[in-house]
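Structure first, commentary second.
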Amino acid sequence: MKSHEDYDTMIQLFIDEELPEGNREEFLTHFKDCGDCQKTLVEAEAFSETVQRARPQVQAPAALRARVLNQMDRAHNKAGLTALAQIQAAVSLYWRPLSMAAMLCIVAGGGLSISHFRRESLANDFIRSAVANHRKFGIDTSLDISSSSPQEVSSWFAQRVSFPFRMPNAGIASDDHAKYKLMGGRLVDFGGQRAALVVFQMPNNRISLLVSSDKLAKAMGGKITQSSGLRFHARDMNELHIATWDNKGLTYALVSSVAMGSSGSCSTCHRSSATGVAKNKKPQDVVEHVLQASEKNPLQEMIPNSVGVSAGR
Amino acid sequence: MMFQKVGLSSKTEAFGLEYIDALYGYALMLTRNRSDAEDLVQETYVRALDAKDRLREDSNVKGWFFTILRNLWLNQLRKRKSEPHLVEIDGQEGGADYLSGNTPSSDEILVAKEDVEQVRFAIRQLSPEFQEVIHLREFEELSYQQIAIVLSCPTGTVMSRLGRARAKLRALLTPTWSQTASSGKDSRS
Ligand SMILES: [Zn+2]
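As structure tokens, this is what we get:
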């Protein structure tokens, strides 16, 4: 028979997912009838969560990232395709399911250039930056400009960024059908330059949109959907949905939480777009969500409405 | 072909580059200095590129990068013929960066931020080895085994060190913590 102290240790192991399989059943049997242990577990879990919330949101400086990338470029150039394949093999160690397709592509692609890798890397940097900024905003919700007026937010950014900032559409925030509203934005860094982070609020969620010049990064990869002459690249990263696209010299990354679509209904975001709901077979996919919702869908309007400008990039 | 390309593009980028933020955070924790941290991370990638052939199939890549970074740092410390004074050097540019945040903008956030700030402050009061094990487990979510590899010590040591570090942290946070714990319980029940 084990003492309570033994179970105390087990509780922390259980939380850390380090409790050996053999002890698990024994622990759970005791646990379900022991009020003390249940209390301890709740407290220990809450404590861990409190500590985890204090995780600093550290981002490597853009210059450091660039130096590391340069090193890699040089290494690639030196060793040529062989090294490329080796790196691919090393990378595929932890991306097993995709390694086959990836290797096929190495073979088929043959002459994939370093600049191709560079572009991918920048595209991924942009996504990473969008995600980091999205998460950061969850912790620090201060805004450089707080306004629900798209015009106000637009002109504020237009004076502060080096690219011709455009809100995807001026009608977003005033749309009565939307449960979310424009909160404002803040200036963030991307690639050593100012980029615009636009934030929308929903009752239990947030959507953030990172906007930068497409000279710094272009949308690539992910699951591609074409609509209105634009190419949308969608992917999931942990709890987040990300959709990226380019239009008229700008590049956009839209980030929202998985929870947003978890109810399986567009009504999570839209009160009156019921007709769009039925068609939306993949609520977890922001892009499809965007594309398939009804025309009243304010997110639809967020997509730049020009046609064909940057298709086929 | 399109789909294959997608598979490649989202995975290839550059070897281990997805860990650069985490590595930089760990380097800041160790060095307490921005420029040292940057150098350390850059050197880590140089070594990793050189050594990637020796990366075993079953290795945890993130843990592997962390191990390289830490070993490089220990070597540097040895070269500098100095002991690690992680706590004492606190408050310098990098140290201030690490574990600090921006100005809160509403009362609600203020409460939450204070909580966060208190935890960060308490972590800074811990010994370097306690800080490190908390960082690797709670912030980087490495498993005990991965931490053992990074720290090159037995898993049992990780377990006990982590236990002591948490107990100490809890003691440091007790006034705050007892409130947080009880309010947390209320909302859960
Ligand atoms: Zn018990």
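Line by line, the protein sequences give chains A and B. Residue numbering for the first sequence follows our numbering, beginning at 186 and increasing consecutively. Residue numbering for the second sequence follows our numbering, beginning at 834 and increasing consecutively. Don't be surprised by glycine CBs; every beta carbon is placed ideally from N, CA and C. Small disclaimer: the values here were computed from a predicted structure and weren't measured.
Cutoff 7 Å: residue i Cβ touching any chain A Cβ
{"i": "Asp854 (chain B)", "result": "yes"}
{"i": "Phe972 (chain B)", "result": "yes"}
{"i": "Gly858 (chain B)", "result": "yes"}
{"i": "Thr1007 (chain B)", "result": "no"}
{"i": "Ser1015 (chain B)", "result": "Its pLDDT being 46, under 50, Ser1015 (chain B) is placed unreliably in this model, and the value from its coordinates should be taken loosely. Output row for Ser1015 (chain B): interface = no."}
Residues that residue i contacts on chain A, provided the C-beta gap is smaller than 8 Å
{"i": "Val879 (chain B)", "result": "Gln256"}
{"i": "Val952 (chain B)", "result": "Thr235, Val236, Arg238 and Ala239"}
{"i": "Gly996 (chain B)", "result": "Thr194 and Gln197"}
{"i": "Phe898 (chain B)", "result": "Result: empty, since nearest Cβ-Cβ is about 12 Å, beyond 8 Å."}
Listed by chain order, chain B residues near residue i by CB distance under 7 Å
{"i": "Ala260 (chain A)", "result": "Leu882"}
Cross-chain neighbours of residue i in chain A, by beta carbon under 7 Å
{"i": "Arg1003 (chain B)", "result": "Phe232"}
{"i": "Leu861 (chain B)", "result": "Val243"}
CB contact below 7 Å: residue i versus chain B
{"i": "Gln223 (chain A)", "result": "no"}
{"i": "Glu203 (chain A)", "result": "yes"}
{"i": "Arg371 (chain A)", "result": "no"}
{"i": "Ala245 (chain A)", "result": "yes"}
{"i": "Leu307 (chain A)", "result": "no"}
{"i": "Arg252 (chain A)", "result": "yes"}
{"i": "Leu401 (chain A)", "result": "no"}
{"i": "Leu367 (chain A)", "result": "no"}
{"i": "Arg281 (chain A)", "result": "Low local confidence applies: a pLDDT of 44 at Arg281 (chain A) is under 50, so the model's placement there is unreliable, with the coordinate-based value given in what follows. Not closer than 7 Å to any Cβ of chain B, the Cβ of Arg281 (chain A) fails to qualify, so no."}
{"i": "Ser188 (chain A)", "result": "no"}
{"i": "Gly265 (chain A)", "result": "Because Gly265 (chain A) carries a pLDDT of 46, less than 50, the predicted location of this residue cannot be relied on, and no value is offered for it."}
Counterpart residues of residue i in DSSP-defined beta bridges
{"i": "Ala829 (chain B)", "result": "Residue coverage of chain B in this structure runs from 834 to 1022, which leaves residue 829 (chain B) outside it and unanswerable."}
{"i": "Lys408 (chain A)", "result": "A:Ala419"}
{"i": "Trp430 (chain A)", "result": "A:Tyr437"}
{"i": "Asp218 (chain A)", "result": "For Asp218 (chain A), which the question treats as bridged, DSSP gives no partner whatsoever."}
{"i": "Leu372 (chain A)", "result": "A:Ala381"}
{"i": "Arg391 (chain A)", "result": "A:Gln386"}
{"i": "Lys366 (chain A)", "result": "A:Gln386"}
{"i": "Ile330 (chain A)", "result": "A:Gly370"}
{"i": "Leu425 (chain A)", "result": "A:Met422 and A:Ser442"}
{"i": "Ser396 (chain A)", "result": "The amino acid occupying residue 396 (chain A) in the given sequence is Val; Ser does not appear at that position. According to DSSP, Val396 (chain A) bridges with A:Ala381 and A:Tyr437."}
Beta-carbon neighbours of residue i, restricted to chain E and to distances below 9 Å
{"i": "Asp948 (chain B)", "result": "Structure shown: chain E not included; protein chains present are A and B."}
Residue i: contacting residues in chain A (beta-carbon distance under 9 Å)
{"i": "Ile967 (chain B)", "result": "Val236"}
{"i": "Ile956 (chain B)", "result": "Val236 and Ala239"}
Neighbour list for residue i in chain B, Cβ cutoff strictly below 8 Å
{"i": "Leu249 (chain A)", "result": "Ile853, Tyr857, Glu871, Val874 and Gln875"}
Near ligand 2: residue i beta-carbon under 6 Å from a heavy atom
{"i": "Gln237 (chain A)", "result": "Annotation note on ligand 2: not contained in the displayed structure, which lists ligand 1 as its ligands."}
Notebook entry, point to check: the region 410-440 of chain A: which residues have C-beta closer than 8 Å to a C-beta of chain B, in chain order?
Noted result: For the region 410-440 of chain A, the set of residues with a beta-carbon nearer than 8 Å to any beta-carbon of chain B comprises Arg420, in chain order.
Note to self: Along the region 864-875 of chain B, where does the CB come closer than 7 Å to a CB of chain A? Name the residues.
What the structure shows: Glu871, Val874 and Gln875
Next item on the list: Go through the residues and name those whose CB comes closer than 6 Å to any heavy atom of ligand 1, in chain order.
Entry: A:His189, A:Tyr192, A:His215, A:Cys219, A:Asp221 and A:Cys222
Check: Taking any Cβ of chain A, which residues in the region 975-991 of chain B have a Cβ under 8 Å from it, in chain order?
Finding: Listed by position, the residues of the region 975-991 of chain B near chain A (Cβ gap below 8 Å) are Ser976 and Tyr977.
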